[in-house]
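Chains A and B, in that order, are what the protein sequence lines are. Here the first sequence is numbered in the numbering used here, starting from 1 and rising by one per residue. Here the second sequence is numbered in the numbering used here, starting from 1001 and rising by one per residue. Glycine residues also receive a C-beta, built at the ideal position from the N, C-alpha and C atoms. In what follows, a structure is listed as structure tokens, so that the remarks can point back to it.
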Amino acid sequence: MTADEAQSQLDERVREMMAWHFSEETGTPFWLDWKKEAGWDPREEVKSAADIVKFPHFQDEWLRDEKNERFVPNAYKGRPFNIFETGGTTGLPKQRVGWEDYKHDYEQFSDQLSDEYFPKGGNWIMVGPTGPRRLRLAVEHLANHRGGSCYHVDLDPRWVKRLIGRKELDQVERYQAHVMSQAVEIIKHRDISCIFTTPKLLASIGERISIADHGIKGCFCGGTSMTPEYVRFLQEEVLENKSLFVPTYGNTLMGLAVSIPEELPDNDYSVTYYAPQPRAMLRIVDPEKTEITKDYGEYGRVELTTLSHEFFMPRFLERDEAIRRKPHAKYAWDGVGDVRPFGALTKTVIEGVY
Amino acid sequence: MTTPHHIPVLRQGKVYKSLDVQTVPKLGTDEAAAEISFACADMIKYDMHRMGDAREALKKFSCEELVAMTKKAGEYFLDADLPIGTEGELQSPEDYVLSLASTSGLPHALIRMNMKRLGGIFGQIDDIFQGLTRGLDWEVLDKGYGEQGGAPVSFSPTTTELAVILPSNSPAVNALWIPSIAMKVPVLLKPGREEPWTPWRIIQAFIKAGCPPEAFSLYPTQHDGSGAIIRRAGRVMLFGDDSTVKQHEHDPRVEVHGTGYSKFVIGEDEIENWEQYVDSMVESVSANSGRSCICTSTIVVPKYGDEIAEAISKRLVEITPLAQDDPDAKLSGFANPKFAEWINEAVEQGLESDGARDVTAQYREGERFQNRDGMNYLQPTIIRCDSFDEELALREFLFPFASVVECPQAEVLDKVGYSLVFTAVTKDIDWINQLFDCPEIERLNVGNVPTNRISWNQPHEGNLFEFLYTRRSFAFAESA
Chain A
1 MTADEAQSQL
11 DERVREMMAW
21 HFSEETGTPF
31 WLDWKKEAGW
41 DPREEVKSAA
51 DIVKFPHFQD
61 EWLRDEKNER
71 FVPNAYKGRP
81 FNIFETGGTT
91 GLPKQRVGWE
101 DYKHDYEQFS
111 DQLSDEYFPK
121 GGNWIMVGPT
131 GPRRLRLAVE
141 HLANHRGGSC
151 YHVDLDPRWV
161 KRLIGRKELD
171 QVERYQAHVM
181 SQAVEIIKHR
191 DISCIFTTPK
201 LLASIGERIS
211 IADHGIKGCF
221 CGGTSMTPEY
231 VRFLQEEVLE
241 NKSLFVPTYG
251 NTLMGLAVSI
261 PEELPDNDYS
271 VTYYAPQPRA
281 MLRIVDPEKT
291 EITKDYGEYG
301 RVELTTLSHE
311 FFMPRFLERD
321 EAIRRKPHAK
331 YAWDGVGDVR
341 PFGALTKTVI
351 EGVY
Chain B
1001 MTTPHHIPVL
1011 RQGKVYKSLD
1021 VQTVPKLGTD
1031 EAAAEISFAC
1041 ADMIKYDMHR
1051 MGDAREALKK
1061 FSCEELVAMT
1071 KKAGEYFLDA
1081 DLPIGTEGEL
1091 QSPEDYVLSL
1101 ASTSGLPHAL
1111 IRMNMKRLGG
1121 IFGQIDDIFQ
1131 GLTRGLDWEV
1141 LDKGYGEQGG
1151 APVSFSPTTT
1161 ELAVILPSNS
1171 PAVNALWIPS
1181 IAMKVPVLLK
1191 PGREEPWTPW
1201 RIIQAFIKAG
1211 CPPEAFSLYP
1221 TQHDGSGAII
1231 RRAGRVMLFG
1241 DDSTVKQHEH
1251 DPRVEVHGTG
1261 YSKFVIGEDE
1271 IENWEQYVDS
1281 MVESVSANSG
1291 RSCICTSTIV
1301 VPKYGDEIAE
1311 AISKRLVEIT
1321 PLAQDDPDAK
1331 LSGFANPKFA
1341 EWINEAVEQG
1351 LESDGARDVT
1361 AQYREGERFQ
1371 NRDGMNYLQP
1381 TIIRCDSFDE
1391 ELALREFLFP
1401 FASVVECPQA
1411 EVLDKVGYSL
1421 VFTAVTKDID
1431 WINQLFDCPE
1441 IERLNVGNVP
1451 TNRISWNQPH
1461 EGNLFEFLYT
1471 RRSFAFAESA
């Protein structure tokens, strides 16, 4: 696919989603009401991805303050839905409804995985937040889709955040050790070839056992930003360069943006993520004037638009910043590189464009 | 513009160039003075699992051999061109002085003084070893057991590594860990951001002298890396303020070198001779630019407080900000320019009281806060305080600063609290006996001894040997 073809595909998807979410027959009550209040019809005005800036930024508070039923498209009315929660530490969490999206997203992701490192039929283990999170079902579906089963070890990130907030770092280590001991037992005693976990937990498992020597060939990671040095540490030392490290960027609201793991060593482990276009698109925007897309090689804030039949979310500003990277032969659309928490550095950083 | 040196991570002697490289600017400029490889916290955790190997590497040598290597290392530290960076470059002693000056704000003369001081530590390692172990035969550590004073003794290490979280403000603090190598305990150092130069150079000197490189780890790292080291190392030395001391006071693994609150006190029997002690007081307050915890921060006298404050002030105002390469420069700039502002604000706040006055103000040129060559300085300051109730009476700052307080000799110990170094100019035997009994005094100097003069064979703050080793009882069966 060329960049032009990718752009056409995305524009077409935008038009399709406008027609879907803003028509009475199939549309979402939340967006139909929004259209009435806004006084303009996105079906008429939003004809391409570039027109998305006509929408205001999606506020994630809406996912807490609005009833979940308001996000059920009329086309799915009456169908029971999954409820997935995003992070949060106190109060009512933000929730997203869904049906099949996570399956589509992870099947699409599965197509990108190397069969050598993520063997078909191999079992998985997921060490990380389960409970009400989309990830729990998604990783299991990924394992099943590839012909394997999935073991789970739970971790409650909200409790960890509270401990960190209270500076009880000893407790954090003890809780981590508690989670680790469960994970290590399963890895030692069951046939497992693939793992999903967070970078920190991966490093923590690697402190206790040789991950590669216990049969794990592929590691799919996500959840937090990683510096190139940390990615290098995970690949070269934690996985001993024997297993493959596959970093991803995503959340409950988007799905998975993928990287190109085989190119990481040649790029000094600087990770570039590509959104699952056309189901979602990522823009790197000027934080002060978010309608402006930053130039290639420049840092800006990450803006996410989700374009699925189940969920439409325009221009959600992530709490991250990243470098805008050029399309790749494998993914013919913009990538986002070296993601880090928004505002991590106050000064403008311009990186050599490659 | 010259290419800045790169300070890599040192992982048990192996040079590691990180992808996380941070630049330290030459103070007062945008020019890079150093590029520093930063280690992530998890990497340090991984490496710490292998510190036992580092100790095994040191154990292959006898203490006698390690002592000899330490002495040789001292010569190399002072005079040799030593490796730096990752590309086989060498650093001369002069380049070391310039590099450290460029990031720390220390004048060249002070750096050279600190170099000599560190050289002394290397050179006196056998005396220091004897002092710390109370004359233990080195072979006891080689064999694990032996005799001391006719009694059987055995010592086992409390740790596989001595971790040190180093500050940026004084190269001489590296003296604290140097003897660890002769005691066969590897070191794991986290340098201050502006001062990677001294620990790096000391390590290279040791390696050139034949010490196993595995015994040396240097991890420039962020806060989480320091946290991992503090939580996990078997023994940790760190430097901090009173809150840091409090945080670790019940943890036997951690030795915090905090504020010194060192004092120079003249007894009632000697106060009429106070003019003879002005030189000592000036040195005590201003040595090493007043940056050490062994520098005097409070002067206590039974009378003549005003006269003494005036006399010291007249001498101290001669110490002014000079060019860093001026051989007469004795005042250090601040690596973090904000520190100078915050400290100056704290002094000014204390002076809002009627009971405190800045005696130096009338003699010095300009304000206390100065900027020269792009660096912030604080000029020496003597505060005359009416009583110990004044906010500035018992404060310690990172520049030549002291209060002068009048207090009857009999009340001094009740008023002054903890003192890292306490110089008592007196011949009053009863009082001297009281001072020896006082648990709040770490090091006691009796007579006219500046507080900054210490002897390394008598640790003034913790005993490294007792920190790194614990005595065990043992017996061999008759047939063994």
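Beta-carbon gap between residue i and residue j smaller than 7 Å
i	j	result
Ala1424(B)	Val1405(B)	no
Ser181(A)	His145(A)	no
Gln95(A)	Leu137(A)	no
Ala212(A)	Glu240(A)	yes
Leu1392(B)	Ile1383(B)	yes
Gly1123(B)	Gly1074(B)	yes
Val1416(B)	Lys1263(B)	yes
Pro278(A)	Gln9(A)	yes
Ser1180(B)	Leu1166(B)	no
Lys1246(B)	Ile1271(B)	no
Leu1027(B)	Met1375(B)	yes
Thr1298(B)	Ser1403(B)	yes
Pro56(A)	Met18(A)	no
Ile125(A)	Tyr151(A)	yes
Tyr1096(B)	Arg1201(B)	yes
Glu318(A)	Leu304(A)	yes
Leu256(A)	Phe245(A)	no
Rounded separation between residue i and residue j - CA only
i	j	result
Tyr354(A)	Lys326(A)	Bear in mind that a pLDDT of 27 at Tyr354(A), under 50, signals an unreliable position, so the number given afterwards is only what the model happens to contain. Rounded to the nearest angstrom, the two C-alpha atoms are 7 Å apart.
Thr348(A)	Pro1220(B)	Note on Thr348(A): pLDDT 41, under 50, position unreliable in the model; the coordinate value appears next. Rounded to the nearest angstrom, the two C-alpha atoms are 24 Å apart.
Tyr1377(B)	Ala1346(B)	15 Å
Thr1470(B)	Phe1206(B)	26 Å
Gly1105(B)	Ala1033(B)	12 Å
Phe316(A)	His1223(B)	31 Å
Asp1053(B)	Val1359(B)	57 Å
Tyr117(A)	Asp268(A)	21 Å
Ser1018(B)	Met1043(B)	11 Å
Glu1094(B)	His1108(B)	9 Å
Tyr273(A)	Gly122(A)	26 Å
Cys1211(B)	Leu1058(B)	8 Å
Gly1150(B)	Glu1139(B)	15 Å
Pro1196(B)	Lys161(A)	33 Å
Phe84(A)	Ser1037(B)	41 Å
Asp156(A)	Glu45(A)	43 Å
Glu1065(B)	Ser114(A)	55 Å
Lys120(A)	Gly218(A)	12 Å
Expected contact under 8 Å - CB spacing of residue i and residue j to nearest Å
i	j	result
Ser225(A)	Pro341(A)	6 Å
Tyr1261(B)	Glu1390(B)	Contact flag wrong, Cβ pair sits at about 15 Å.
Ala183(A)	Val127(A)	5 Å
Thr1158(B)	Leu1468(B)	6 Å
Cys1063(B)	Leu1141(B)	5 Å
Thr1198(B)	Pro1171(B)	4 Å
His21(A)	Pro80(A)	Not a contact, Cβ separation roughly 20 Å.
Lys1314(B)	Tyr1277(B)	Their Cβ separation, rounded to whole angstroms, is 15 Å, which puts Lys1314(B) and Tyr1277(B) out of contact at 8 Å.
Ala1190(B)	Gly1225(B)	Residue identity differs from the one stated: residue 1190(B) is Lys in this sequence, not Ala. Contact holds; Cβ gap of about 7 Å.
Ile195(A)	Val153(A)	In fact, because the Cβ distance is near 10 Å, the residues do not count as touching under 8 Å.
Residue i CB to nearest heavy atom of the ligand NAD below 6 Å
i	result
Ile323(A)	Among the ligands in the structure shown, none appear at all, so the ligand NAD cannot be discussed.
Members of the segment 1215-1227 of chain B near chain A, C-beta cut-off 8 Å: Gly1227
Whole alpha helix (DSSP H) elements within the segment 1109-1186 of chain B, 4-residue minimum: 1125-1133, 1138-1143, 1178-1182
Near-chain B residues of the segment 230-252 of chain A (beta-carbon distance less than 9 Å), N- to C-terminal order: Tyr230, Val231, Arg232, Phe233, Leu234, Glu237, Val238
Interfacial residues, the segment 1042-1062 of chain B to chain A, with Cβ spacing under 9 Å: Cβ contacts with chain A come from Asp1042, Met1043, Lys1045, Tyr1046, His1049.
Residues, ordered as in the chain, of the segment 1020-1036 of chain B that lie near chain A by beta-carbon distance below 7 Å: Here the close residues are Asp1020.
Beta strand (DSSP E) segments (min. 3 residues) lying fully within the segment 1384-1421 of chain B: 1401-1406
Near-chain B residues of the segment 258-272 of chain A (beta-carbon distance less than 7 Å), N- to C-terminal order: Asp268, Tyr269
Every unbroken alpha helix (DSSP H) within the segment 173-247 of chain A, with a cutoff of 4 residues, ordered by chain: 199-208, 228-232
Near-chain A residues of the segment 1228-1261 of chain B (beta-carbon distance less than 8 Å), N- to C-terminal order: Correct list: Arg1231.
Residues of the segment 165-187 of chain A whose Cβ lies closer than 9 Å to any Cβ of chain B, in chain order: Leu169, Asp170, Glu173
Chain B contacts from the segment 206-231 of chain A (Cβ-Cβ distance under 7 Å): Glu207, Thr227, Pro228, Glu229, Tyr230
Near-chain A residues of the segment 1308-1335 of chain B (beta-carbon distance less than 9 Å), N- to C-terminal order: none
Chain-ordered residues of the segment 316-328 of chain A with a beta carbon less than 8 Å from chain B: none
4-residue-minimum alpha helix (DSSP H) runs that sit fully inside the segment 1319-1373 of chain B, ordered along the chain: 1337-1350
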